[in-house]
Structures are given as structure tokens and as C-alpha cells.
Amino acid sequence: MSERNQRQISDEELGQAIGYFRQSVTAWSEAESGRVRIVRQPKSSRFPAWLTWSMAGTVAAACAVWVLMLAGGQHTGRQQAMQATATAPKAAMPAATSAEEPTRAMASAADKRDTAQAAAITTEAAGTGPDVAAASQVRRKSGSADEDEQLLADIDRDIAQGTPQALAPMAGWMGDSAEQ
Amino acid sequence: MATNDAPEQAGFDAVAREYRPQIYRFLLSSLRDPEMAETLTQECLLKAHRNWAGFRGESQVLTWLLRIAINLQKDQWRNRRLQFWRQTTTHAVDVSEAGNWLASNASSPEQQVAAREQVKLVWRAVEKLSGRQRTVFLLRHVEEMEIAEIAETTGLSEGTVKAHLSRAMGRVRAELGGR
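First to last, the protein sequences are chains D and Y.
Under our numbering, the letters of the first sequence match residues 1 to 180, in that order.
Under our numbering, the letters of the second sequence match residues 1001 to 1179, in that order.
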């Protein structure tokens, strides 16, 4: 082998080897050309090609629909959550209104009381109004504020004296003139 | 239309009969796969038949046919690389088996053994060549084409063909010398 490693191939030897190679290839080619070939059937699938493709397409479409449904559901859920978040303050506002309702009612009642009181004073001054005592009783029943009570107490005292406090100077003047 | 096609068809039949063995031999030596060589030979002739009307005879018929065969071979290799995930069964014959084929004109048994050994060594060298070097070497020494014809067939310049051929010969020489 070592001898062969150092051997220089002459052009003649090279030509001869290539000539043998050509003859070998030609002989092989002729032998293969004359050989009876068995035509191989392509591997047949259980399903025809069009059916396989249609099945694949159906599966792909089903997957796409499923993904879209999933995405749509998530989107709807998110939208509902956002709507709920947005409507929460609005829902809280009526609750706050109902919480403020007694105060408003009380204010309204106070206004009504003021109006009734003014009317009572007016009618009393005119001498044609309803019974002032009854009016003051209604006033007490309504549970008004301290100011109202004070006002009513003043009115009661004036009535008990027979002369309203507002008319006191005139009553005093009339009394003096009568003595004279 | 049929009257014009008939001579063309007859002409192509004669061409196919004449050049089919050479196309098959080139593809067999290049691929070492008898089945694939047969398939590509059929494809080559089919492609040639389709384009036969467009063949103007500017080059030789064999040159034109071998150019088609070389392109098909390139496509086949490209497809095999791309379809590595498929069950691409190759029936390439081993170098030692391919070297067993020998013409029966060798005189003595000793000469036949020596010739067979040389053929195997050449096959081994050819196996190690690049695609272009192998094509050029086979066209030159199996199909016995001239440099200009090889250049026309492969689409390479004559200088490039000579360079590829020189490297291929160097490889064969080295293989025969046992290096």
C-alpha cells in the first residue's frame, strides 16, 4: 500500500483506467436498459387526493371558526366587563339620590312649614285665618327644627298676650292715649 | 394541423430512439440510480417532445437533450434536498457494485480483475467530485464530447469547463495513485 501511495500514475494508465470506466458504464447502462422494469404503483392513500384535501380544508375551516368564536366570546366578555365598569357610577348616583331623599324631603317639609307659617301669620293678621292654635299643633306634630319651635313659641306667647309683638308699640300708644 | 404535426412527430420518434441510450447512460453514471435515471430520461424526452416544435437546430440535438437532462437532474437534487422529510427512497448503487460491470473484451481473468479494480477507483473519485466537476468529467470521458460542446451543454465557458475537468482528472489520478 505504501508502494502504491508513492506511485505516480502515468497518462497512459490514467487513460486506460478511464477507458475501462467508460466501458463499464456503457455495459451497465445497456444491461439496465434491457432489463424488464416493474412499474411501481405509487403509494395509494386510503382516501383519494381530493378527499384528503377537502378533509384538510374542512378541519382547517373548523379550527378557524372555533378560534373566531373563542376570540369573539372573549371580546364580548371584555366588552360586558367594560360596560359594567362604565355603568357602575351611574348606578351609584340614584342610590346617592335616594340617600339624600330624606334630607330633601325634610327641606321640602320645612319650606312647606315656612309657607304655612307665613300664611298663618297673614291670616291671623287679617283676622280671617284658621285657628292658629291648631296650626301650631300641626307644626309641632311635624317635628320641625328648633328655630321653628322658637318661632312658634313666640307666636304662642304673642297670642296669649293678645297683642302681637309687632303691634306692641301701637298697643302701648293706644293705651297711653286712652288713659289721657 | 395534423399534416404538419405528423412529420414532426416522426422526426422526434427517430431522435428519441437514437439518443435515448446516451441520455440514460449519462444520467445513470451521474446518479448511479437506475430507477431515477429511467424516470429522468422519460421526463427529458417528454419535455423535449413538448418543445420539439420550438427547437431551431441551432445546437446539436444531443447537446440540447443533454442540457434538458442536466437541468432535470439539478431539479431532482434540489427537490430531494427540499423534500428531506418525505420518504424519498434512493436506489443509488454502491460504487463497488457499479464497478463490477465490465465489458467482456478483457483478455485474461487477471486483466479483468485489474480493470475492475481501476473502475472502482474511478467511481470512487467520481463520487467525491462536485456536481459540476462530475458532469464535466462524465460528458468528456463517458459521452466523449468536445470542450466546446460541454460548454454549450452546461452553459459554462470553455475556460471554466477546462478548469473543472482538470480538477476532476487530478482527483481521479490521485485516487488511482492511492492518495
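Cβ coordinates follow ideal geometry from the N, Cα and C atoms, glycine included.
Assuming residue i and residue j are in contact, meaning their beta carbons sit under 8 Å apart, how far apart are those beta carbons, in whole angstroms?
i	j	result
Q8/D	G1178/Y	So it is not a contact: roughly 11 Å between Cβ atoms.
T1203/Y	L1031/Y	The structure shown does not extend to residue 1203/Y, since chain Y is modelled only from 1001 to 1179, so the question has no answer here.
E32/D	P1109/Y	25 Å between Cβ atoms; not a contact.
V25/D	R1025/Y	6 Å
E1143/Y	Q1022/Y	6 Å
T1063/Y	E1152/Y	5 Å
V1122/Y	A27/D	Contact doesn't hold; Cβ gap of about 14 Å is too wide.
With distances taken Cα to Cα, identify the nearest neighbour of residue i among the options.
i	options	result
T1135/Y	E1146/Y, A1125/Y, W1123/Y, T1154/Y	T1154/Y
K1120/Y	E13/D, Y20/D, S10/D	Y20/D
D1013/Y	A1163/Y, S1029/Y, R1050/Y, L1165/Y	R1050/Y
L1129/Y	A1053/Y, A1174/Y, V1113/Y, A1069/Y	A1174/Y
L1045/Y	L1066/Y, Q1112/Y, D1075/Y	L1066/Y
R22/D	F1055/Y, W1101/Y, G1011/Y, A1151/Y	W1101/Y
E1127/Y	R1056/Y, M1169/Y, A1048/Y, G1054/Y	M1169/Y
V1093/Y	L14/D, G57/D, S29/D, D11/D	S29/D
R1020/Y	A56/D, G34/D, T85/D	G34/D
D1075/Y	V1061/Y, T1039/Y, E1097/Y	T1039/Y
A1125/Y	L1165/Y, M1145/Y, L1156/Y	L1165/Y
N1071/Y	E1043/Y, S1059/Y, A1053/Y	E1043/Y
W1077/Y	V1172/Y, L1139/Y, R1132/Y	R1132/Y
D114/D	T87/D, L152/D, G73/D, D156/D	L152/D
A1037/Y	T1160/Y, E1149/Y, Q1073/Y	Q1073/Y
E1097/Y	H1141/Y, K1162/Y, R1116/Y	R1116/Y
K1162/Y	V1015/Y, I1150/Y, V1172/Y	I1150/Y
K112/D	D148/D, T85/D, D156/D	D148/D
G15/D	A1148/Y, A1048/Y, T1160/Y, H1141/Y	H1141/Y
* Where the stretch 57–82 of chain D meets chain Y: residues whose CB sits under 7 Å from a CB there -> none
* **Contacting positions in the stretch 18–38 of chain D - beta carbon closer than 9 Å to chain Y** => I18, G19, Y20, F21, R22, Q23, S24, V25, T26, A27, W28, S29, E30, A31, E32, S33, R35, R37
* Asked: Which residues, in chain order, does the stretch 1049–1065 of chain Y contribute to contact with chain D at a C-beta distance below 8 Å?
  -> If you check each beta-carbon in the stretch 1049–1065 of chain Y against every beta-carbon of chain D, none falls closer than 8 Å.
* Along the chain, which unbroken stretches of the alpha helix (DSSP H) at least 4 residues long are found entirely within the stretch 1088–1158 of chain Y? -> 1095–1098, 1109–1128, 1131–1141, 1147–1154
* **Residues, ordered as in the chain, of the stretch 1142–1171 of chain Y that lie near chain D by beta-carbon distance below 7 Å** => When CB distances to chain D are screened at a threshold of 7 Å, the residues of the stretch 1142–1171 of chain Y falling below it are V1142, in chain order.
* Asked: Along the stretch 1122–1136 of chain Y, what residues have a CB closer than 9 Å to any CB found in chain D?
  -> Under the 9 Å Cβ criterion, the stretch 1122–1136 of chain Y contributes V1122, W1123, V1126.
* To do: Could you tell me which uninterrupted alpha helix (DSSP H) segments, each at least 4 residues in length, are contained entirely in the stretch 1009–1051 of chain Y, listed from first to last along the chain?
  => 1034–1050
* Residues of the stretch 1013–1034 of chain Y with Cβ closer than 7 Å to any Cβ of chain D, in chain order -> P1021, Y1024, R1025, L1028, S1029, P1034
* Which residues, in order along the stretch 1105–1119 of chain Y, keep a beta-carbon less than 7 Å from a beta-carbon of chain D? -> The residues in question are A1115, Q1118, V1119.
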